[in-house]
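Enquirer: Taken in order, the sequence shown gives residues 31 to 88; the numbers are from this note's numbering.
Below you will find the structure I want to go over with you.
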Amino acid sequence: GWVGEVLVDEKGKTRGSWIGRNFAYKPVVIQSSQNLLGKVICVKIVEICSTYLAAEIL
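Shown next as structure tokens:
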């Protein structure tokens, strides 16, 4: 999948999930126990859903 930077701007709906935005402002969901709010992280897209992209941290 796509690899690039994501700016994390909100907490997800489930525990340990975070929502960030890529260069095209598409929502990217990331699972992490760390507080990622406000951070820019490098991710790889692993799943495409109807309303968001799911990614893993590189």
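Glycine included, every Cβ here is placed at the ideal spot set by N, Cα and C.
Out of Gly46, Cys72 and Leu66, state which residue places its alpha-carbon closest to the alpha-carbon of Phe53.
Expert: Working through the sequence shown from its first residue, we reach residue 53 at position 23. Per the Cα distances, Cys72.
Enquirer: DSSP three-state label for Trp48, please.
Expert: Counting from 1 along the sequence shown, the entry for residue 48 is found at position 18. Looking at Trp48 - three-state DSSP - the assignment turns out to be strand.
Enquirer: Determine the extent of the beta strand (DSSP E) in which Leu83 is found, giving its start and end residues.
Expert: Taking the sequence shown and counting its residues from 1, one reaches residue 83 at position 53. Leu83 -> beta strand (DSSP E) spans Leu83 to Ile87.
Enquirer: Let me confirm a value: Leu83 is counted as buried when at least 16 other C-beta atoms fall within 10 Å, else exposed. Which label applies?
Expert: Sequence index remark: in the sequence shown, residue 83 carries index 53 (1-based). Buried: at least 16 other Cβ atoms inside 10 Å.
Enquirer: So what does DSSP say about Lys41, is it helix, strand or coil?
Expert: Numbered from its first residue, the sequence shown carries residue 41 at position 11. Of the three classes helix, strand and coil, the one that applies to Lys41 here is strand, per DSSP.
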